[in-house]
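Reading through the structure tokens given below for one structure.
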Amino acid sequence: MTNGSTTEVKHIAEIVKVLNSGIDFYHEAQEAVDNPVLATVFESMVNARRRAVQRLQPYAVLEEGEVEDGSSFSVEVRKLYTKIMAAVKSDTEQTYISQLEEIEDKTLNEVKTALEKDQPVACRAALSDILADIQECHDKMLTLQKSRE
1 MTNGSTTEVK HIAEIVKVLN SGIDFYHEAQ EAVDNPVLAT VFESMVNARR
51 RAVQRLQPYA VLEEGEVEDG SSFSVEVRKL YTKIMAAVKS DTEQTYISQL
101 EEIEDKTLNE VKTALEKDQP VACRAALSDI LADIQECHDK MLTLQKSRE
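Numbered by full-length UniProt numbering, the letters in the sequence shown go through residues 1 to 149 in order.
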């Protein structure tokens, strides 16, 4: 069925997990960097993710039967890797920016995967809006990463 009238949502809980992990990771990055401008950028990323989680949570409940408050394993591994690399490297900011840009990639891919599935109309609209917001976050992080290379 591809007419958008389906009532079953798919892949939303996984997106929420990635978003939740991203929120945690951006908070950690905020605390690790000394640059107030960078900390402000990270805070804007947290806020974008919170809005996305809030918007998707009703669909995650439809999919899973309960509120999704978990995290994504792949993002958790990346957080651990970043902690190790930040401890070894002298440029903590660049390490965080690089890894956070990768999380933006992961988040974009998860939202695109959900959009490829047959979703209810309201869920598809939410995903489309979130895709635009996450694309903007990704572009900011990519610009930050390139400006520091």
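Ideal Cβ placement from N, Cα and C applies to all residues, glycine included. Since we're looking at a predicted model, the values are computed, not measured.
Check                                                                                                                                                                     : Outcome
Out of curiosity, what's the CA-to-CA distance linking Lys112 and Ile97?                                                                                                  : 22 Å
To test your reading of the DSSP string, which unbroken alpha helix (DSSP H) runs of 4 or more residues are found completely within the UniProt domain "DUF2383" (9-117)? : 12-32, 36-64, 73-88 and 92-115
When the Cα of Lys79 is compared with those of Ile23, Val9 and Arg148, which residue comes out closest?                                                                   : Ile23
Just the C-alpha distance for Asp91 and Glu28, rounded to the nearest angstrom, thanks.                                                                                   : 16 Å
Beta-carbon within less than 6 Å of Lys10's beta-carbon, same chain only, minus the 5 sequence neighbours each way: which residues are those?                             : Lys117
Assign Thr40 to buried or exposed, taking buried as 16 or more other Cβ atoms, counted over all protein chains shown, within 10 Å of its Cβ.                              : exposed
State the Cα-Cα distance for the pair Glu104 and Glu8, rounded to the nearest angstrom.                                                                                   : 26 Å
With 16 other CB atoms within 10 Å as the buried threshold, where does Asn20 fall?                                                                                        : buried
For Arg148, report the span of its alpha helix (DSSP H) as first-last.                                                                                                    : Counting along the chain, Arg148 falls outside any alpha helix (DSSP H), and DSSP gives it neither H nor E.
Spatial neighbours of Ser71 within its chain, please: CB distance less than 6 Å, with the 5 preceding and 5 following residues excluded, ordered by chain position.       : Lys17, Asn20 and Ser21
For Asp56, which option in Val75, Leu144, Ser128 and Leu38 has the closest C-alpha, if you only look at C-alpha atoms?                                                    : The question names Asp, yet the displayed sequence has Leu at residue 56. Measuring from the Cα of Leu56, the nearest candidate turns out to be Ser128.
In three-state terms, what does DSSP make of Gln119?                                                                                                                      : coil
Please look up how many angstroms separate the CB atoms of Glu14 and Gln30, rounded, as I've assumed it's under 8 Å.                                                      : Wrong, their Cβ atoms sit about 25 Å apart, outside the cutoff.
I need the straight-line Cα distance from Thr143 to Leu115, nearest angstrom please.                                                                                      : 26 Å
So, for Met141: in the same chain, excluding its five sequence neighbours on each side, which residues have a beta-carbon less than 6 Å away from its beta-carbon?        : Leu100, Glu101 and Glu104
Run the CB neighbour count on Arg148, radius 10 Å, all protein chains shown included, and call it buried at 16 or more, exposed below.                                    : exposed
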